[in-house]
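Asks: Reminder that position 189 of the sequence shown reads as 189 in UniProt numbering, one-by-one numbering, no gaps. The beta-carbon is built from N, C-alpha and C at its ideal position, and this holds for glycine as well.
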Amino acid sequence: MGALKQLVLASTSKRRIEILREIGVDFLVIEPKYREIIIEKEPLRTVLNNAKNKGMSVLDASPSNSLILSADTVVVAEEGEILGKPDSLSTSISMLKKLNGRYHYVLTGICVIDKDSGSLECSHETTKVKFRKVSDEMIIQYASTLEGMDKAGSYAAQGLGALLIESIEGDFYNVIGLPIGLVYALLAKYGYDLFSNGIKSRIAAIKRG
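#1: From 126, 84, 18, pick the residue whose C-alpha is nearest to that of residue 39; which is it?
#2: Would you mind listing the alpha helix (DSSP H) stretches within the stretch 107 to 170 that are 4+ residues and don't spill past its ends, in chain order?
#3: Quick one: is residue 64 buried, meaning 16 or more other Cβ sit within 10 Å of its Cβ, or exposed?
#4: Among residues of its own chain, excluding the 5 on either side of residue 177, which ones have a beta-carbon nearer than 7 angstroms to its beta-carbon?
#5: Please report the distance separating the alpha-carbon of residue 128 from that of residue 203.
#6: So, residue 29 versus residue 8, is the Cβ gap smaller than 9 angstroms?
#7: Restricting to Cα atoms, I'd like to know which of 89, 158, 75 is closest to residue 18.
#8: Please report the distance separating the alpha-carbon of residue 171 from that of residue 35.
#9: Taking the alpha-carbon of residue 189 as reference, which of 112, 142, 151 has the nearest alpha-carbon?
#10: Can you tell me where the alpha helix (DSSP H) holding residue 76 begins and where it ends?
#11: Name the DSSP beta bridge partners of residue 8, please?
#12: Touch check for the stretch 48 to 57 and the stretch 88 to 99: three-plus C-beta pairs under 8 angstroms?
#13: Is DSSP giving residue 17 helix, strand or coil here?
#14: Under three-state DSSP, which class holds residue 190?
#15: Going by other Cβ atoms of all chains shown within 10 Å of its Cβ, with 16 needed for buried, is residue 82 buried or exposed?
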């Protein structure tokens, strides 16, 4: 059996890092040298293209025998508009008003690249979210916390933004940026068992005291 692959996360997203840390696996974080691009009216192509290019951008910086995990998330409003990360407070407020009291979809593209072989596997996850109907004042107050400024759709489902959500249909982890079930399945294609490695890391931590 070959040496265990080194997992590399091509993202500096705090929520993605936290999700992997909660699993308990060891991984490296390398910031991707790629700026996200939104392809109008093509959300699936957008997230898969961005996820792939983020991973490719850290290929040279990644150690040998590594698996590079990359992701990209967008929100698709009810009328089909793709919402990425807001670039200003006014944009944040505008995005939240578009979602207010309505359904939207959270779409995440995930890619895994084998550093040594160059093999690439990509897939995606979609989750349906319904926002509560709230006042404009509440939207402005929430946007003013800046919690959603670095997040697609301008809200954090794991933070104060959870109070804006009425229902979620599908993978909650997808809404916060990393559908861990899909990640597990893609890594397994390369012989990397996310569950087993998480267990091993936790047992080792217990033994260390």
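Replies: According to the structure data:
#1: Residue 39 sits at position 39 when you count from the first residue of the sequence shown. Residue 84 is the option with its Cα nearest to residue 39.
#2: 136 to 144
#3: Taking the first residue of the sequence shown as 1, we reach residue 64 at position 64. With fewer than 16 other Cβ atoms within 10 Å, it is exposed.
#4: Counting from one through the sequence shown, the residue named residue 177 turns up at place 177. Cβ within range, chain order: 13, 15, 16, 71, 73, 108.
#5: Counted from its first residue, the sequence shown places residue 128 at position 128. Counted from its first residue, the sequence shown places residue 203 at position 203. Cα-Cα distance, rounded: 36 angstroms.
#6: For the purposes of this step, residue 29 is taken as residue 29 along the sequence shown, with counting starting at 1. For the purposes of this step, residue 8 is taken as residue 8 along the sequence shown, with counting starting at 1. Yes. Within cutoff.
#7: Position 18 of the sequence shown, counted from the first residue, corresponds to residue 18. Checking every option, the nearest Cα to that of residue 18 belongs to 158.
#8: Residue mapping note: residue 171 aligns to position 171 of the sequence shown, counting from 1. Residue mapping note: residue 35 aligns to position 35 of the sequence shown, counting from 1. Answer to the nearest angstrom: the Cα atoms are 26 angstroms apart.
#9: As a first step, residue 189 is located in the sequence shown; it is residue number 189 there, counting from the start. It is 112.
#10: On the sequence shown, position 76 is the one that residue 76 refers to. Note, residue 76: premise wrong, no alpha helix (DSSP H); beta strand (DSSP E) at 66 to 77.
#11: Start at 1 with the first residue of the sequence shown, and residue 8 comes out as number 8. Bridge partners of residue 8: 28, 68.
#12: no
#13: Within the sequence shown, residue 17 is the residue found at index 17, counting from 1. Three-state result, residue 17: helix.
#14: Along the sequence shown, read from residue 1 onward, the residue named residue 190 stands at position 190. Looking at residue 190 - three-state DSSP - the assignment turns out to be coil, as it is neither helix nor strand.
#15: Taking the sequence shown and counting its residues from 1, the one referred to as residue 82 is at position 82. That one is buried.
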